[in-house]
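Chains as they are written, first to last, in this note's numbering: chain A, 824 to 1197; chain B, 824 to 1197. For every residue, glycine included, the Cβ atom is placed at its ideal position computed from N, Cα and C. Keep in mind that this is a model prediction, so the values were computed, not measured.
2 protein chains.
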Amino acid sequence: MLQPPPAQPGMREDEVDTPALLIDLDAFEANLDTMAALVAPTAAKLRAHAKTHKSPVIARLQMARGAVGQCTQKVAEAEALAWGGVGNILVSNEVVGAAKLARFAALTHIAQVAICVDHPAHITAIEAAARDAGTRLSVLVEIDAGGNRCGVPFGAEAAELARAIAASPNLRFGGLQSYHGTAQHLRTPEERRAAIAAAVEGTRRTVELLRQQGLDCEIVGGAGTGTFQFEAASGVYTELQAGSYVFMDADYGRNLDADGKPVTTFRHSLFVLATVISAPVPGRAVVDAGHKAVTVDSGLPLVWQRPDLRCVSASDEHFKIEFGPETTSPVIGEKLRLVPGHCDPTVARYDWYVGVRAGRVECLWPIVARGAMA
Amino acid sequence: MLQPPPAQPGMREDEVDTPALLIDLDAFEANLDTMAALVAPTAAKLRAHAKTHKSPVIARLQMARGAVGQCTQKVAEAEALAWGGVGNILVSNEVVGAAKLARFAALTHIAQVAICVDHPAHITAIEAAARDAGTRLSVLVEIDAGGNRCGVPFGAEAAELARAIAASPNLRFGGLQSYHGTAQHLRTPEERRAAIAAAVEGTRRTVELLRQQGLDCEIVGGAGTGTFQFEAASGVYTELQAGSYVFMDADYGRNLDADGKPVTTFRHSLFVLATVISAPVPGRAVVDAGHKAVTVDSGLPLVWQRPDLRCVSASDEHFKIEFGPETTSPVIGEKLRLVPGHCDPTVARYDWYVGVRAGRVECLWPIVARGAMA
């Protein structure tokens, strides 16, 4: 059942029902503009990752500022984008199962799509899906850029898969997927730079090897919010897959710049608005949001601009907030903005974004790929 | 957007699309029956907590076995149950906000409902909602049974709130809410017994004080899956609010019995079915489920009946599984049952339960209160 939206345009922010997923539109648009400005002078293009926002509205705002398309991790996410007017989508992930691949192949009627593989079994299955759908599918080889998750090693094994794709009658070789996930949250710029330098070197070597074999990489994709400037400057990567930059989160907020201070390139624009429902003893307040409203996989949420209020524990529908005697207790009914520890899985819990500006609700956007895990 | 179900009745389990939320119906029904049998000889009744299952179908199965009604944490959950035929619902939580209270009051037309307070401000607001709706609402006082979350202390402060409820023209005093949340996961039975003994003692004292003041507690509610047998035997608690027992999870599976072995009263009946999408190097497999499919707030999921497969890390749409050289690698396309660390927030990510028995899909049940956080 779709939940009703927690707000209507024109409401004051303090009238929004809670918990609600707020976008601070000024900060959000600044993030869109900042990314566009940072990418424009480089040889790379942005292909923003929609696993963060799950919204064709936001995808189109990114593309209006120069993004060439979108990434998704799932076929169901790609469907939601394509149905919402996004014309160029890379599923930056392996997809297994005939039903899913048939759904993926069907998207070629309305969008330009591509998908990733790291094993010959994937190629065989995608070739069958393309043949059955009477279409031709673009396939990238995923290489393990250092995150030790999916992907073949740099070099010969990648070339072998690329040749197998090129030799498949209903497939075309689309390039390389080379995303270093664990590098994104390394705290110092030196650590992030070193991790990406190794990814760039291995990717460059693989691109070269493929070229020698007559296989050009139309796409060399990777990078995230923590590292995209390194990949953009590499001359190897052609597409940058940052997603979290539109919203940021408490965990990305702990990444440091060269001065040892938190990186300030992008602003926190995503908040969970929560209401204080109980303040039973001095020093404690409890809000109407918990595990089901905000993920804690990257730590408990922060209370926005209130370092004196510390979120200390979570249960299904409650966060417990503590504070010292110098803080005046939040009162029952008071609304607090929480900064999620991790934006992507928090977004995935909601049906609606509530866009706010200058204290008023300006827009509601449905999170149409909420639950799109197939 | 509601996601399509990942299965159809009659399919084999290995044909179910992934990720999918499976109920092993044999284990699930055994849990329902076990709880009914354990509660029947006691003076208490089961009022199962629907924050676990979010399904009027499951609520009605519990009530068919003797449960007097359901608990929810949220008004939107109560709506979903009432609309699905559940006639007796306690919102076991404080609710703040005129819009939510108006929705709550509207439920009195189709169900018997009650709600909790721990501050005079709650009583004033609920009285206004009842008056505006032209109805009379039943209100319980929440006491802090030891979890240090919401609730007033045992004794005089609770009695003061009870008198204020009884004195409100459109409210009736319904009893006490006395749930000790943190006791549920204390690992040894001695720890759980001691925590609940203190809760029982304080609750008994409060009930007695109220009785002296002419206020009878129709409901004295509390207890969860980890402790309900202690509350049931107390002679003080009239209603038991266990929820997780229907499914269990990896965290509850770590509770110990008197012999120091994992408690076996209830069986794991809830699983996330996931597909191996990559097995790029010896000793590693990656599945198509991650943070968005299974919460990790109580630890990473276990692989069902495969202690040789260890889930070692999570990203948004992937769990990485590792294993030793003695294990034959799972192959791409192989489906694995994951046991969630924490059932409630995992359920809250899905639109559908897929009920399986003897390797076949027997039923699909919509999780109608998915996203019901208001």
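Residue of A:G1178, A:E1054 and A:M1196 minimising C-alpha distance to A:A830: Answer by Cα proximity: A:G1178.
Cβ neighbour criterion (16 or more within 10 Å) applied to B:Q1221: Summary: the structure shown does not reach residue 1221 of chain B, with chain B confined to residues 824 through 1197, and so no result is reported for it.
Short CB-CB distance (under 7 Å) between B:T947 and chain A: no
Exposed unless 16 or more other CB atoms sit within 10 angstroms - verdict on A:Q1036: Burial state of A:Q1036 is exposed, judged by a 10 Å Cβ sphere holding fewer than 16 other Cβ atoms.
B:V1184 - partner residues in DSSP beta bridges: B:V1179
Under the three-state DSSP convention, the category B:V914 falls into: strand
Cβ of A:P842 within 7 Å of any chain B Cβ: yes
Same chain only: Cβ atoms within 8 Å of B:T1180, ignoring 5 sequence neighbours per side: With the sequence shown as reference, residue 1180 of chain B is identified as Arg, and Thr is not the correct amino acid for it. Within the same chain, B:R1180 has close Cβ partners D847, L848 and D849.
Proximity of A:A1280 and A:Y1060 at Cβ, strictly below 7 Å: With chain A covering only 824 through 1197, there is no way to say anything about residue 1280 of chain A.
Limits of the unbroken alpha helix (DSSP H) element including B:E900: V898 to W906
Neighbouring residues, chain B, relative to A:C973 (Cβ below 8 Å): I1100, S1101, P1103, V1109 and H1141
Beta-carbon proximity of B:V1191 to B:A882, cut-off 7 Å: no
Residues bridged to B:Q935 [DSSP beta-bridge criterion]: B:N911
Rounded Cβ spacing between B:P1163 and B:A1073 (contact assumed at less than 8 Å): About 7 Å separates the two Cβ atoms, so the contact holds.
Buried or exposed (CB count within 10 angstroms, at least 16 for buried), A:P1148: Classified as exposed, A:P1148 has fewer than 16 neighbouring CB atoms from the shown chains inside 10 Å of its CB.
C-beta atoms of B:F1094 and B:L845 nearer than 7 Å: yes
Stretch pair the segment 954–967 of chain A + the segment 909–925 of chain A: three plus CB contacts closer than 8 Å: yes
Nearest-angstrom Cβ-Cβ length linking A:L963 and A:G997, presumed shorter than 8 Å: Confirmed, about 5 Å.
B:E1145 versus B:A1137, B:G1156 and B:R1133, residue with shortest Cα-Cα distance: B:R1133
Where A:G920 meets chain B, residues with beta-carbon distance less than 8 Å: D840, T841, T1098 and G1156
Given B:T1087 as reference, the closest of B:A1108, B:G1049, B:V1109 and B:I933 once Cα atoms are compared: B:G1049
When B:T947, B:G1047 and B:N971 are compared against B:R995, the one with the closest alpha-carbon: B:T947
Within chain A, partners of B:M1196 - CB distance below 7 Å: P842, K1115 and A1116
Contact with chain E by A:V914, beta-carbon distance below 7 Å: Among the protein chains in the structure shown, which are A and B, there is no chain E.
Reduced DSSP secondary structure (H/G/I, E/B, other) of A:R835: strand
Within-7 Å CB hit, B:H942 to chain A: At least one CB of chain A lies nearer than 7 Å to the CB of B:H942.
Under 9 Å from the C-beta of A:E917: neighbouring residues of chain B: I1100, S1101, V1109, D1111 and I1155
Contained alpha helix (DSSP H) runs [length at least 4] in the segment 1135–1177 of chain A, N- to C-terminal order: Within the segment 1135–1177 of chain A, the complete alpha helix (DSSP H) segments of 4 residues or longer fall at 1166–1170, listed in chain order.
Check whether B:Q826 and A:G1058 have beta carbons under 7 Å apart: no
Counterpart residues of A:F1094 in DSSP-defined beta bridges: Looking at the DSSP output, A:F1094 bridges to A:L845.
Coarse secondary structure for B:T1061, derived from DSSP in three states: coil
Cβ-based neighbour list, B:P1189, same chain, cut-off 7 Å, excluding 5 preceding and 5 following: D1174 and W1175
Residues bridged to A:L960 [DSSP beta-bridge criterion]: A:L994
Between the CA atoms of A:Q885 and B:G1202 - distance to the nearest angstrom: Outside the shown range of chain B, which is 824 to 1197, sits residue 1202 of chain B, and nothing can be said about it.
Inter-residue spacing [alpha-carbon to alpha-carbon] between B:T1011 and B:D1139: For B:T1011 and B:D1139, the distance between alpha carbons rounds to 34 Å.
Contact belief for B:G1106 with B:H1091 at Cβ below 8 Å, rounded distance in angstroms: With a contact defined as Cβ atoms closer than 8 Å, B:G1106 and B:H1091 miss out at about 26 Å.
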